[in-house]
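In what follows, a single structure is set out as C-alpha cells and then discussed.
Numbering (our numbering), first residue to last: 111 to 175.
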C-alpha cells in the first residue's frame with residue numbers, strides 16, 4: 111500500500127520553503143522532498159511531528175492510495 115500526502119500543498123499555503131519546514135521538523139530538506147514526492151514514508155513519530163506543525167491530524171495529511 112502506498113501513502114499519498116498533502117505536504118507540498120500545506121507547505122505552499124503557508125509559503126514555507128522545504129528548508130523552512132525541514133527546520134521546523136528537525137530533518138533535512140532532502141527528507142522533506144522525499145516525503146513530498148512519495149519516495150519516502152515518514153516514521154510514525156515524524157508523521158506526528160508533521161501533523162503538529164500544521165495543527166492537523168495525521169489522517170488529514172496522509173492518505174491511503
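Yeah, the Cβ is synthetic: ideal placement off N, Cα and C, and Gly gets one too.
Note that the structure is predicted; figures quoted are calculated from it, not measured.
Could you pull the start and end residues of the alpha helix (DSSP H) that residue i belongs to?
i           : result
residue 137 : First-last for residue 137: undefined, no H or E at that position.
DSSP puts residue i in a beta bridge; with which residues?
i           : result
residue 163 : According to DSSP, residue 163 bridges with nothing at all.
Can you round the beta-carbon distance between residue i and residue j to whole angstroms, since I take them to be within the 8 Å contact cut?
i           : j           : result
residue 115 : residue 154 : Residue 115 to residue 154, Cβ: 14 Å. No contact.
residue 142 : residue 131 : 5 Å
Could you pull the start and end residues of the beta strand (DSSP E) that residue i belongs to?
i           : result
residue 174 : 172–174
residue 114 : 113–115
Where does residue i fall in DSSP's three states?
i           : result
residue 169 : helix
residue 152 : coil
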